[in-house]
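Trainee:
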Amino acid sequence: MAHYRRAGEIPPKRHTQHRTPEGGLYYEELMGEEGFSSDSSLLYHRGIPSAIVDATVWDVGDLTTTPNAPLVPRHLKLHDLFDDDAWKALDAVTGRRLVLGNTDVRLSYVVAGEASPLYRNAVGDECVYVESGTAVVETVFGSLDARQGDYVVLPRATTHRWVPTGSEPLRLYAIEANSHIAPPKRYLSRYGQLLEHSPYCERDLHGPVGPLLVEGTDVEVLVKHRGGSGITGTRYVVPTHPFDVVGWDGCLYPYTFNIGDFEPITGRVHQPPPAHQVFEGGNFVICNFVPRKVDYHPLSIPVPYYHANVDSDEIMFYCGGDYEARKGSGIGQGSISVHPGGHSHGPQPGATERSIGAEHFDELAVMVDTFRPLELGEGGRAVDDGTYAWSWSGRGPA
Numbered sequence: 001m002a003h004y005r006r007a008g009e010i011p012p013k014r015h016t017q018h019r020t021p022e023g024g025l026y027y028e029e030l031m032g033e034e035g036f037s038s039d040s041s042l043l044y045h046r047g048i049p050s051a052i053v054d055a056t057v058w059d060v061g062d063l064t065t066t067p068n069a070p071l072v073p074r075h076l077k078l079h080d081l082f083d084d085d086a087w088k089a090l091d092a093v094t095g096r097r098l099v100l101g102n103t104d105v106r107l108s109y110v111v112a113g114e115a116s117p118l119y120r121n122a123v124g125d126e127c128v129y130v131e132s133g134t135a136v137v138e139t140v141f142g143s144l145d146a147r148q149g150d151y152v153v154l155p156r157a158t159t160h161r162w163v164p165t166g167s168e169p170l171r172l173y174a175i176e177a178n179s180h181i182a183p184p185k186r187y188l189s190r191y192g193q194l195l196e197h198s199p200y201c202e203r204d205l206h207g208p209v210g211p212l213l214v215e216g217t218d219v220e221v222l223v224k225h226r227g228g229s230g231i232t233g234t235r236y237v238v239p240t241h242p243f244d245v246v247g248w249d250g251c252l253y254p255y256t257f258n259i260g261d262f263e264p265i266t267g268r269v270h271q272p273p274p275a276h277q278v279f280e281g282g283n284f285v286i287c288n289f290v291p292r293k294v295d296y297h298p299l300s301i302p303v304p305y306y307h308a309n310v311d312s313d314e315i316m317f318y319c320g321g322d323y324e325a326r327k328g329s330g331i332g333q334g335s336i337s338v339h340p341g342g343h344s345h346g347p348q349p350g351a352t353e354r355s356i357g358a359e360h361f362d363e364l365a366v367m368v369d370t371f372r373p374l375e376l377g378e379g380g381r382a383v384d385d386g387t388y389a390w391s392w393s394g395r396g397p398a
């Protein structure tokens, strides 16, 4: 995110002496993307950031996937993934269950009640949507307050932890990339400013409050990283607490963006899905569908036309409101619809006629479109309703 921020105490010039009150040196760390040819930040640590005293294997859980075969649309009921009270003992990192994934992105879901371990994802950026509940996300850059409707964007290798607040379960939909996640290029000037036609601006992005300084010795940090032919994990023990950054500045840092601050683009006739885009990653995009006025042509049909996104799998997570086009399908809040590339989809029977004359849609959904096929994770397989594919015809296999 090419939007400069600074926090805490930093020296006047980069890569120069920055001394402690006792006269010693703080340890400067350059955290940069794409071989230090893209966004970066400089962090000043009390301790040596590369120091470790132990390293063991961390089992990251079941990340195996199976193809969507035969190729059919699917309805996954994420609210059935966890028992009523199971969430109280789960955390937002180790409690995740993989729903869908491919070599570019993994979609997981968790309901959490406990603080997570310290964690960093060295595979790619994370964009975590808060379906409900509240949390403080503590990071090496400072703290972020996360609330319902927030996207929490965490750059690759950012050490952090999730601390639920309040009594309500913390429901999180985690989008884990193998790349970086950023605003779409068409929303940005050539220097990185969000342009006037963008549906949000820098005022809507909320960075960390800090610095966050925590004392501690022999502290565990879980790291998810690349290894062999897939993703694996390491449990490090570091001699001093990683939240030891007295100051930082740059254009690389975690931030939140609330879906309620997205300004929908509407028109006389139905707008195509790219009008709803909020972020992009390597071989996938993230869109959101928010409450909005609908098409105002006198003969408009507000719900989508039947369409075949021939290059993408389309994954819709329904997280609020009343989704007009899916009425009668069994889909509700907490559902995911899987519309694979190679299969056209659109409104449920009767939804087109019912929508005529509507002036406003009260719907809330997060969509991920991937340019490689998605496969089903163990969580997705566990909550597939098995009937959605037949909902347009009203009858299934003989």
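Once you know that position 386 of the sequence shown is 386 in UniProt numbering, the rest is easy, because the numbers rise by one and skip nothing.
Built from N, CA and C at the ideal position, the CB exists for glycine as well.
If Y236 and V221 are in contact, beta carbons under 8 Å, what's the gap, nearest whole angstrom?
Mentor: Yes, they are in contact, since the Cβ atoms of Y236 and V221 sit about 5 Å apart, within 8 Å.
Trainee: Excluding the 5 residues preceding and the 5 following G396 in the sequence, name in chain order all residues of the same chain whose CB lies nearer than 8 Å to its CB.
Mentor: For G396, where only same-chain residues beyond five positions count, the Cβ hits under 8 Å are T387, A389, W390.
Trainee: Quick check on this structure: which residue in N68, Y306, V105, D80 has the alpha carbon closest to the alpha carbon of residue 399?
Mentor: Absent from the structure is residue 399, since the part of the chain shown begins at 1 and ends at 398.
Trainee: Can you give the beta carbon distance from D369 to E314, rounded, assuming they're within the 8 Å contact cut?
Mentor: With a Cβ gap of about 5 Å, D369 and E314 count as contacting.
Trainee: By DSSP, does L188 sit in helix, in strand, or in coil?
Mentor: Of the three classes helix, strand and coil, the one that applies to L188 here is strand, per DSSP.
Trainee: Take E202 and list the residues in its own chain whose beta-carbon comes closer than 7 Å to its own, dropping the five residues that flank it on each side.
Mentor: Excluding positions up to five away in sequence, the list reads H3, L194.
Trainee: Taking only the alpha-carbon atoms, compute the straight-line gap between R226 and F284 and give it to the nearest angstrom.
Mentor: Looking at the two C-alpha atoms, the distance is approximately 19 Å.
Trainee: Kindly confirm or deny that the segment 233 to 251 and the segment 36 to 49 touch, where touching means at least three C-beta pairs closer than 8 Å.
Mentor: A contact exists between the segment 233 to 251 and the segment 36 to 49.
Trainee: Tell me whether the beta-carbon of L81 lies closer than 8 Å to the beta-carbon of R96.
Mentor: Cβ atoms of L81 and R96: not closer than 8 Å.
Trainee: For D59, I'd like the list of residues in its chain whose CB is within less than 8 Å of its CB, leaving aside the five on either flank, ordered along the chain.
Mentor: For D59, where only same-chain residues beyond five positions count, the Cβ hits under 8 Å are G233.
Trainee: Taking the alpha helix (DSSP H) that T352 belongs to, which residues open and close that run?
Mentor: From DSSP, the alpha helix (DSSP H) with T352 extends over 351 to 355.
Trainee: Please state the DSSP three-state secondary structure of L78.
Mentor: Residue state, collapsed to three classes: helix.
Trainee: Do the segment 253 to 260 and the segment 69 to 80 touch if we need at least three Cβ pairs shorter than 8 Å?
Mentor: Contact fails: fewer than three Cβ-Cβ distances are below 8 Å.
Trainee: Please state the DSSP three-state secondary structure of E202.
Mentor: DSSP places E202 in helix when its eight states are reduced to three.
Trainee: If I follow the unbroken alpha helix (DSSP H) through E378, where does it start and stop?
Mentor: Segment 378 to 382, the alpha helix (DSSP H) holding E378.
Trainee: Under 6 Å Cβ to Cβ from R147, same chain only, skipping five residues before and after it: list those, please.
Mentor: These residues qualify, in order along the chain: T134.
Trainee: Residue ranges of each beta strand (DSSP E) run of no fewer than 3 residues wholly in the segment 55 to 106, ordered along the chain?
Mentor: For the segment 55 to 106, whole beta strand (DSSP E) runs of length 3 or above, ordered along the chain, are 74 to 77, 97 to 101.
Trainee: Between the segment 109 to 120 and the segment 61 to 69, do three or more beta carbon pairs fall short of 8 Å?
Mentor: The segment 109 to 120, when compared against the segment 61 to 69, does not touch it at the 8 Å Cβ threshold.
Trainee: By Cβ distance, which residues of its chain are closer than 8 Å to N288, with the 5 residues on each side in sequence left out?
Mentor: Taken in chain order, the residues that qualify are I259, F262, H276, V278, L364, A365, V366, M367.
Trainee: Of the choices F317, S312, K327, whose alpha-carbon is the least far from that of V303?
Mentor: Cα-wise, what sits closest to V303 is K327.
Trainee: If I measure Cβ to Cβ from T217 and keep anything under 7 Å in the same chain, skipping five residues before and after, which residues do I get?
Mentor: If we look at T217 and ignore the five residues flanking it on each side, its Cβ neighbours are P239, T240.
Trainee: Short of 6 Å in beta carbon distance, which residues of its chain neighbour L170, apart from the five on each side in sequence? Order them along the chain.
Mentor: The answer, listed in chain order, is A112, G133, A135, P164.
Trainee: Smallest Cα separation from V294: which of I286, D311, V310, P272?
Mentor: Looking at the Cα atoms, P272 is the closest of the given residues.
Trainee: For the segment 5 to 22 and the segment 171 to 184, state whether three or more C-beta atom pairs, one from each stretch, are separated by less than 8 Å.
Mentor: No, the segment 5 to 22 does not touch the segment 171 to 184.
Trainee: Output needed for K224: all residues of its chain with C-beta closer than 7 Å, excluding positions within five of it in sequence on either side, in chain order.
Mentor: If we look at K224 and ignore the five residues flanking it on each side, its Cβ neighbours are V60, N121, A122, V123, I231, G233.
Trainee: In its own chain, which residues sit with a C-beta less than 8 Å from the C-beta of S312, not counting the 5 before and 5 after it?
Mentor: So the qualifying residues of the chain are G341, D369, T370, F371.
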